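> Before I ask anything, let me first share the structure, which is written out below as structure tokens.
There are 2 protein chains.
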Amino acid sequence: MRGRRIPEATVARLPTYLQVLIDAAEAGVGTIASEELARGAGFNSAKVRKDLSHLGTYGTRGVGYGVEELAREISLVLGLTEDRPVVLVGVGNLGRALVSYDGFRARGFRISALVDADPEVIGRRVADLVVRAVDDLPAIVAEQGIGLAVLAIPAASAQEVAGQLVAAGVRSILSFAPTHLEVPDHVTVRRVDLSTELQILSFYEQLAGSHTGAVPAPPGSLSTAAERAGDRAAGGQDA
Amino acid sequence: MRGRRIPEATVARLPTYLQVLIDAAEAGVGTIASEELARGAGFNSAKVRKDLSHLGTYGTRGVGYGVEELAREISLVLGLTEDRPVVLVGVGNLGRALVSYDGFRARGFRISALVDADPEVIGRRVADLVVRAVDDLPAIVAEQGIGLAVLAIPAASAQEVAGQLVAAGVRSILSFAPTHLEVPDHVTVRRVDLSTELQILSFYEQLAGSHTGAVPAPPGSLSTAAERAGDRAAGGQDA
DNA sequence: CTTTGTGAAATCCTTCACAGCG
DNA sequence: CGCTGTGAAGGATTTCACAAAG
Chain A
4 MRGRRIPEAT
14 VARLPTYLQV
24 LIDAAEAGVG
34 TIASEELARG
44 AGFNSAKVRK
54 DLSHLGTYGT
64 RGVGYGVEEL
74 AREISLVLGL
84 TEDRPVVLVG
94 VGNLGRALVS
104 YDGFRARGFR
114 ISALVDADPE
124 VIGRRVADLV
134 VRAVDDLPAI
144 VAEQGIGLAV
154 LAIPAASAQE
164 VAGQLVAAGV
174 RSILSFAPTH
184 LEVPDHVTVR
194 RVDLSTELQI
204 LSFYEQLAGS
214 HTGAVPAPPG
224 SLSTAAERAG
234 DRAAGGQDA
Chain B
4 MRGRRIPEAT
14 VARLPTYLQV
24 LIDAAEAGVG
34 TIASEELARG
44 AGFNSAKVRK
54 DLSHLGTYGT
64 RGVGYGVEEL
74 AREISLVLGL
84 TEDRPVVLVG
94 VGNLGRALVS
104 YDGFRARGFR
114 ISALVDADPE
124 VIGRRVADLV
134 VRAVDDLPAI
144 VAEQGIGLAV
154 LAIPAASAQE
164 VAGQLVAAGV
174 RSILSFAPTH
184 LEVPDHVTVR
194 RVDLSTELQI
204 LSFYEQLAGS
214 HTGAVPAPPG
224 SLSTAAERAG
234 DRAAGGQDA
């Protein structure tokens with residue numbers, strides 16, 4: 004299967020495989036079987052083999068996959084061969100946390116520009132970068148050859164800013180705003196919605212009901228939960 | 004279709020519908036058609052109708068869905084009827100950002116306890132809560148009747164802490180650690196991996212290549228990107 | 001003898017298209 | 001007449017199970 008169409012579901016799993024391979028390489032492992040790779044990634048081995056078969060044939064029967072070789076191949080397929088500059092829009096709580104998140108750098112993504120709408124924040128220095136205005140986006144994107152943007156602003160202004168990003172030439176957007184973004188076909192958006200994730204968990208938790216095997220806590224009790232209100236957190240992910 | 008098995012894919016979309024419905028309600032809209040709901044959520048109307056049919060029949064033919072009524076029903080299905088206490092493990096950069104993220108509170112999730120492994124941080128006060136030790140987890144979970152945990156710690160210690168969470172009685176974990184967590188069947192884990200998301204975007208961006216219609220920037224140039232290194236960000240999501 | 005690579009089967013999800021209700 | 005609810009068709013993804021390679 005050396006055909007050039009890699010299924011979406013497979014693409015979504017490649018970064019996880021890469022992570023396991025990097026860990027294995029650091030542990031000095033030279034070769035890894037699909038069974039082992041599956042254990043580390045949390046899938047089953049048939050899925051792993053089918054996925055990898057889409058990249059070509061990099062395994063050796065009776066042995067497994069060459070760790071370094073496969074890691075290199077996946078990096079290549081994902082386009083991680085060289086450093087990629089990223090613009091981060093929204094230097095609120097979440098934005099600032101993302102700036103100092105070194106998981107990005109470790110995979111070749113470098114936040115090379117910060118942008119915000121708040122005049123109070125523009126011009127300030129955050130993690131060695133000066134926060135610039137949204138209007139500067141076209142210049143920033145062109146100068147630094149940026150293709151990726153991370154959006155950490157409230158839902159209310161997300162669509163407008165997304166439009167400005169697209170106009171500036173950005174082709175991929177990772178959005179943390181809890182709203183749908185309408186963009187042209189040539190632009191890819193991935194949404195990460197933190198509260199959505201909790202709501203999904205909530206559904207499955209109530210399904211499990213109270214027939215949990217090893218839970219020492221009283222099942223439905225919200226007992227002393229109201230001790231401290233912790234109200235008024237107006238912070239959130241502000242622009 | 005009032006059968007009690009709601010497909011996973013549908014569950015994952017319910018929070019988005021809820022979001023659109025809440026916005027509609029605030030805008031004073033009383034009734035909404037699947038077409039309109041689909042536009043707001045970014046899906047197509049057939050999918051919306053099929054999804055909603057799994058909850059029962061809440062629409063009126065020729066009219067649409069009652070906004071308030073449907074929102075109430077989805078909230079019920081997701082188990083969002085009452086406030087849910089959440090324990091947050093890991094008060095690093097990401098953890099602190101999550102504490103002040105008000106999107107959680109808006110959906111009935113309240114971070115009611117903070118836990119960290121670092122002795123330097125334990126005892127400190129963050130957003131009206133005192134950070135407690137990991138060893139206190141069983142007591143915290145039992146006292147406050149906690150079922151959900153958010154994990155914002157490095158991959159290295161994630162599995163161990165997950166085990167402690169499970170032992171303490173937590174049934175759902177939202178993990179930001181870039182690693183697979185092994186948990187018993189009755190526990191649900193959802194992983195949000197920020198760097199994975201960027202890698203997926205990276206794949207689709209290179210697919211698009213340089214045949215973008217309206218991009219004023221030079222396609223493959225990483226030009227002046229190296230202006231400021233922004234190195235050494237040892238921060239990340241520390242425990 | 002071990003482990004890959006893969007057709008075929010099984011399952012899950014999406015889309016179509018329209019009957020039928022309001 | 002408009003819009004929901006849904007069988008049926010169409011795709012996509014996962015799993016099975018095994019032949020073939022090392």
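Residue numbers (the numbering used here), protein chains in the order written: chain A, 4 to 242; chain B, 4 to 242.
Think of the CB as a built atom: it goes at the ideal place given N, C-alpha and C, for glycine as much as any other residue.
Treat the numbers as computed from the prediction; the structure is a model and nothing was measured.
(1) Output the distance between the C-alpha atoms of Gly95(B) and Ile156(B), rounded to the nearest integer angstrom.
(2) Grab me the residues of Ile35(B)'s own chain with a C-beta within less than 6 Å of its C-beta, minus the 5 sequence neighbours each way, in chain order.
(3) Nearest chain B C-beta to Thr19(A) closer than 8 Å, yes or no?
(4) Determine the burial state of Gly126(A): buried for a count of at least 16 other Cβ atoms within 10 Å of its Cβ, exposed for fewer.
(5) Compare the C-beta of Ala159(A) against all C-beta atoms of chain B and say whether one is closer than 8 Å.
(6) Hey, Ala152(A) and Val92(A) are a contact pair by Cβ (cut 8 Å); roughly how many whole angstroms apart?
(7) How many Å lie between Val173(B) and Phe112(B) at the Cα?
(8) Got a sec: is the Cβ-Cβ distance from Pro10(B) to anything in chain A below 8 Å?
(9) Taking 8 Å as the threshold (beta carbon to beta carbon), is Ile203(B) in contact with chain A?
(10) Does the segment 172-190 of chain B come close enough to the segment 47-59 of chain A to have 3 or more Cβ pairs within less than 8 Å?
(11) Using a beta-carbon distance below 8 Å, is Asn47(B) in contact with chain A?
(12) Can you list the beta strand (DSSP E) stretches of 3 or more residues lying completely in the segment 90-170 of chain A, in chain order?
(13) For Thr266(B), write down the residues that DSSP places opposite it in a beta bridge.
(14) Helix, strand or coil: how does DSSP classify Pro88(A) here?
(15) Give a yes or no on whether the C-beta atoms belonging to Thr191(A) and Tyr207(B) are separated by under 8 Å.
(16) Quick one: which chain B residues come within Cβ less than 7 Å of His183(A)?
(17) Using 8 Å as the limit for Cβ to Cβ distance, is Pro219(B) near chain A?
(18) Note down, in chain order, every chain A residue with its Cβ under 8 Å from the Cβ of Val80(B).
(19) Given this structure, state the Cα-to-Cα distance separating Val133(A) from Leu21(B), to the nearest angstrom.
(20) Spatial neighbours of Gly48(A) within its chain, please: C-beta separation below 6 Å, excluding the five flanking residues on both sides.
(21) Measuring straight from C-alpha to C-alpha, what distance separates Ile143(A) and Asp119(B)?
(22) Beta-carbon separation of Glu200(B) and Val195(A) under 8 Å?
(23) Quick check: the Cα distance between Ala74(A) and Leu154(A), rounded to an integer number of angstroms?
(24) What three-state label does DSSP hand Gly43(A) in the structure shown?
(25) Residues of chain A with CB under 8 Å from Arg110(B), in chain order?
From the atom records:
(1) 8 Å
(2) Ala27, Gly67, Tyr68, Val70
(3) yes
(4) exposed
(5) no
(6) 6 Å
(7) 15 Å
(8) no
(9) yes
(10) no
(11) no
(12) 112-119, 132-136, 151-154
(13) Given that chain B is displayed from residue 4 to residue 242, the structure contains no residue 266(B) and the question cannot be resolved.
(14) strand
(15) yes
(16) Gly43, Ala44, Gly45
(17) Since pLDDT at Pro219(B) reaches only 35, below the 50 mark, its modelled position is unreliable, and the value read off the structure follows with that caveat. Yes, its Cβ sits closer than 8 Å to a Cβ of chain A.
(18) Phe206
(19) 38 Å
(20) The identity of residue 48(A) in the sequence shown is Ser, whereas the question assumes Gly. Once the five neighbours on either side are set aside, the close Cβ partners of Ser48(A) are Ser37, Glu38, Ala41.
(21) 38 Å
(22) yes
(23) 29 Å
(24) helix
(25) Ser198, Leu201, Gln202
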